[in-house]
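Heads up: the sequence shown is residues 4 to 440, going by our numbering. In what follows, a single structure is set out as structure tokens and then discussed.
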Amino acid sequence: MDRRIAIIGAGPAGLTAALELKKRGFHNVTIFGKFSDAQLRTMQVDGIAFDVAACLLHFGYQSTVIPLVRKMGLTVNYIDTPADIVDRRLRPIKKSTSQVVEIYLNILYYLFFFVGWLLLHRTRWRKAYSSSMEAFLKRRGLSTLAESFAMGPGGIAQGYGFLDEVTAYHAMRWFRPRLFLTPLLSKYKLGVATISEGYETLFTAIIEQFQCTERNIKSVRPSLGKIELIDEEDNRLVFDEVIIACPLDRIQFPHRYLFNEESIDESYIFSYLFTSAIVPPFADRAYLDEYIRTKQKNKALVIRTGGQTNSGDYLYWAVGYKTKDITKEELQDKIEDQLIEECGLPIKQLHFFEFFRYNLRFSSSAVRRGLPQQLESLQGHQKIWYSGGLVSHWDISSIYEHNRRIINKLHFRNRPKSLFSALNYLIHAVLSWLRLL
Ligand SMILES: Cc1cc2nc3c(=O)[nH]c(=O)nc-3n(C[C@H](O)[C@H](O)[C@H](O)COP(=O)(O)OP(=O)(O)OC[C@H]3O[C@@H](n4cnc5c(N)ncnc54)[C@H](O)[C@@H]3O)c2cc1C
């Protein structure tokens, strides 16, 4: 199919959209944006590849990211999480039957969240889902679930924000059938994994298959049945369809009027990669659960180890939420104190220290106004499609699943209609709506 399609954004959303379009036979695809601006960064330290932004794969990625990693000839490296969690005094907790049972109990909790997720699309539920996840559970007498939700397999609190900040709408969107079916169905490994060569390698391999241009796009507007893109230098570029896969507050588009200043919330996260001469006081990964429970910012919430470098030092990565106004110097002092005093980890060399805008999400007022549903109903209207962490969920698997759904629709609209194509569309639509594809 020779329709000219523009993708705005060269992050996981834009690149997985491009892959999905290619799979459906669209070859005239141009990607705009800088891959180096995406939230993916792999550092090479003394021969070790270490992801300092998007990094972990968990069992929910079985149908999306993991097959992609294998297809690109890269390897998945399993981190045996249950054995690696440490207790509050940083003693490794041994893997035992009771922990495995606990994980399966957590999966039952997921079932509860999944039912909630199914109800998400019902308008009259909007108000309830606009409150914070913590308030949502409290109101239903389910406060105890909050802890499991925050500390459960996959370390949701670290990845998905403190539960008193994130709306129930966003927190629940993460749950889908795949999440609880996988452990029951497969040779799945409990816990999480990384891409041995790094996330960046995966996405660089995808970029090489497409036409990419590092230009930023200012606005998108329909014009005589086509779509016009205006770049930073006011050049006009004309396409047949466009997928907006960059943060929606970074661009002008016809439905932008639906947003107001308070429509979008975000968190800020820091990522800190360092070496230390000290043997890891814990195994591969540690949740400093006290800080997560007490919702502390400007503290390392998770510390992962990356092995031993050629010079004999140990590589570590620390990540946590930060307040908006703290400077790099102030935060560095705080983290160093924490690492030395509480974890016994003096820093030998700092390799990477960066802040990220993270967890872009619809605010409580936007959820109450039904903005996510409105945007969803506008998918494909005037040949403009919306993708990215804000409209799906902010993990890479959810983003890819969302792309499969919108591109199924885009494909159906652009192919000759027949009973076969209608059936094909329906099957894909149902499976991808259930997020089983
Ligand atoms: C520290 C950290 C750890 C994380 N860990 C994980 C993890 O373990 N697992 C996981 O699944 N996810 C993780 N994430 C989240 C994941 O990285 C993001 O959800 C994902 O990158 C979002 O993808 P995106 O394509 O929507 O946006 P981004 O990655 O932010 O990419 C946006 C793209 O849009 C482009 N752009 C912006 N404005 C314009 C414009 N006007 N015109 C053209 N292009 C534009 C940028 O150049 C960029 O290429 C992590 C994130 C961070 C920061």
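Beta carbons: idealized from backbone N, C-alpha and C, even for Gly.
* Contacts around Tyr428, its chain only, beta-carbon distance under 7 Å, and the 5 residues preceding and following it disregarded -> One-based indexing of the sequence shown puts residue 428 at position 425. Asn411, Phe415, listed in sequence order.
* Asked: Among the residues of its own chain, which have a CB less than 7 Å from the CB of Gln341, if the five just before and after it don't count?
  -> To locate residue 341, count along the sequence shown from 1; it is residue 338. Counting only Cβ-Cβ distances below 7 Å, and skipping sequence neighbours, we find Lys302, Ala303.
* beta-carbon Lys221 near ligand 1 non-hydrogen atom, thresh 8 Å -> Counting from 1 along the sequence shown, the entry for residue 221 is found at position 218. Indeed, a heavy atom of ligand 1 lies less than 8 Å from the Cβ.
* Short check: CB of Ser367 to CB of Ser66, under 9 Å? -> What you label residue 367 is simply residue 364 of the sequence shown in a count that begins at 1. What you label residue 66 is simply residue 63 of the sequence shown in a count that begins at 1. Cβ atoms of Ser367 and Ser66: not closer than 9 Å.
* Asked: For Ala171 versus Leu77, is the C-beta distance shorter than 9 Å?
  -> On the sequence shown, residue 171 is found 168 positions in, with the first residue counted as 1. On the sequence shown, residue 77 is found 74 positions in, with the first residue counted as 1. No.
* Asked: Does the beta carbon of Phe29 sit closer than 9 Å to a beta carbon anywhere in chain B?
  -> Chain labels in this structure do not include chain B; a single protein chain is all it has.
* Whole angstroms is fine: what's the gap from Thr45's alpha carbon to Leu422's? => Here the question's residue 45 lines up with position 42 in the sequence shown. Here the question's residue 422 lines up with position 419 in the sequence shown. Distance between the alpha carbons of Thr45 and Leu422 is about 46 Å.
* From what residue to what residue does the beta strand (DSSP E) around Ser269 run? -> Along the sequence shown, read from residue 1 onward, the residue named residue 269 stands at position 266. Before going on, a small fix: residue 269 reads as Glu here, not Ser. Unbroken beta strand (DSSP E) run through Glu269: 267-279.
* **Distance CB(Asp234)-CB(Asn219) smaller than 9 Å** => Locating residue 234 in the sequence shown gives position 231, where the first residue counts as 1. Locating residue 219 in the sequence shown gives position 216, where the first residue counts as 1. Cβ atoms of Asp234 and Asn219: closer than 9 Å.
* To do: Please classify Glu357: does DSSP put it in a helix, a strand, or coil?
  => As a working mapping, residue 357 is identified with position 354 in the sequence shown. Reduced to three states, the DSSP call for Glu357 is strand.
* Whether Ala196 touches Ile69 by CB criterion (9 Å) -> One-based indexing of the sequence shown puts residue 196 at position 193. One-based indexing of the sequence shown puts residue 69 at position 66. Closer than 9 Å, so yes.
* Residues near Arg73 by beta carbon distance below 8 Å, same chain, minus five either side -> Within the sequence shown, residue 73 is the residue found at index 70, counting from 1. Taken in chain order, the residues that qualify are Val79.
* Identify every run of the beta strand (DSSP E) within the stretch 278-352, keeping only runs that are complete inside it and at least 3 residues long; order them along the chain. => 288-290, 305-311, 317-324
* Asked: Comparing the CB of Cys58 with every heavy atom of ligand 1, is any distance shorter than 8 Å?
  -> The sequence position of residue 58 within the sequence shown is 55, counting from 1. Cys58: yes, Cβ under 8 Å from ligand 1.
* Does DSSP classify Ile96 as helix, strand or coil? -> As a working mapping, residue 96 is identified with position 93 in the sequence shown. The pLDDT assigned to Ile96 is 46, lower than 50, so where the model puts this residue is not dependable, and the model offers no usable value.
* Roughly how many angstroms separate the alpha carbons of Asn31 and Ile10, rounded to a whole number? -> As a working note, residue 31 is residue 28 in the sequence shown. As a working note, residue 10 is residue 7 in the sequence shown. Approximately 11 Å between the Cα atoms of the pair.
* To do: Answer yes if the stretch 350-365 comes into contact with the stretch 274-285, meaning at least three C-beta pairs across the two stretches below 8 Å, and no otherwise.
  => yes
* To do: Kindly indicate the opening and closing residues of the alpha helix (DSSP H) around Lys25.
  => If you number the sequence shown from 1, residue 25 lands on position 22. Unbroken alpha helix (DSSP H) run through Lys25: 15-26.
* **Local conformation of Phe415 per DSSP, three classes** => Taking the sequence shown and counting its residues from 1, one reaches residue 415 at position 412. If DSSP states are grouped into helix, strand and coil, Phe415 belongs with the helices.
* Give me the Cα-Cα distance between Leu426 and Leu24, rounded to the nearest whole angstrom. => Within the sequence shown, numbered from 1, the residue matching residue 426 stands at position 423. Within the sequence shown, numbered from 1, the residue matching residue 24 stands at position 21. One C-alpha to the other measures close to 19 Å.
* **Beta-ladder partner(s) of Leu240, from DSSP** => Counted from its first residue, the sequence shown places residue 240 at position 237. Bridge partners of Leu240: Leu232.
* Asked: Are the beta-carbon atoms belonging to Arg7 and Glu244 less than 9 Å from one another?
  -> Your numbering for residue 7 matches position 4 in the sequence shown. Your numbering for residue 244 matches position 241 in the sequence shown. Cβ atoms of Arg7 and Glu244: closer than 9 Å.
* Asked: From what residue to what residue does the beta strand (DSSP E) around Arg224 run?
  -> Along the sequence shown, read from residue 1 onward, the residue named residue 224 stands at position 221. Where Arg224 is concerned, the enclosing beta strand (DSSP E) stretches over 220-226.
* Run the proximity test for Leu43: is its beta-carbon closer than 8 Å to any non-hydrogen atom belonging to ligand 1? => Position 40 of the sequence shown, counted from the start, is the residue given in the question as residue 43. Correct: Leu43 has its Cβ closer than 8 Å to ligand 1.
* For Gly391, the nearest candidate out of Asn362, Leu374, Arg142 (CA to CA) -> The sequence position of residue 391 within the sequence shown is 388, counting from 1. Closest by alpha carbon: Asn362.
* Which stretch, first to last residue, makes up the alpha helix (DSSP H) that contains Ile209? -> What you label residue 209 is simply residue 206 of the sequence shown in a count that begins at 1. From DSSP, the alpha helix (DSSP H) with Ile209 extends over 202-210.
* Touch check for the stretch 254-273 and the stretch 399-413: three-plus C-beta pairs under 8 Å? -> no
* Express the C-alpha separation of His396 and Lys221 in angstroms, rounding to a whole number. => For the purposes of this step, residue 221 is taken as the residue at position 218 of the sequence shown. For the purposes of this step, residue 396 is taken as the residue at position 393 of the sequence shown. Computed Cα separation, rounded: 24 Å.
* Asked: Cβ of Ser274 versus every heavy atom of ligand 1: is any distance shorter than 8 Å?
  -> By 1-based counting over the sequence shown, the position of residue 274 is 271. Yes, the Cβ of Ser274 comes within 8 Å of a heavy atom of ligand 1.
* With 16 other Cβ atoms within 10 Å as the buried cut-off, status of Glu211 -> The residue you call residue 211 lines up with position 208 of the sequence shown. Classification of Glu211: exposed, given that the 10 Å Cβ count is below 16.
* Asked: In chain order, what residues of the same chain lie with their CB nearer than 6 Å to the CB of Glu217, ignoring the 5 residues before and after it?
  -> As a working mapping, residue 217 is identified with position 214 in the sequence shown. Taken in chain order, the residues that qualify are Lys37.
* Asked: Taking buried to mean at least 16 other C-beta atoms within 10 Å of its own C-beta, is Asp167 buried or exposed?
  -> As a first step, residue 167 must be located in the sequence shown, where it is residue number 164. Classification for Asp167: exposed.
* How many angstroms separate the CA atom of Tyr317 from the CA atom of Met4? -> As a working note, residue 317 is residue 314 in the sequence shown. As a working note, residue 4 is residue 1 in the sequence shown. Distance between the alpha carbons of Tyr317 and Met4: 51 Å.
* Asked: Would you report the Cα separation of Ile329 and Gln382, rounded to the nearest angstrom?
  -> The sequence position of residue 329 within the sequence shown is 326, counting from 1. The sequence position of residue 382 within the sequence shown is 379, counting from 1. Distance between the alpha carbons of Ile329 and Gln382: 38 Å.
* On the premise that Phe53 lies in contact with Trp388, defined as a C-beta separation below 8 Å, what is that separation, rounded to the nearest angstrom? -> For the purposes of this step, residue 388 is taken as residue 385 along the sequence shown, with counting starting at 1. For the purposes of this step, residue 53 is taken as residue 50 along the sequence shown, with counting starting at 1. With 8 Å as the limit, Trp388 and Phe53 do not qualify as a contact, their Cβ atoms being about 34 Å apart.
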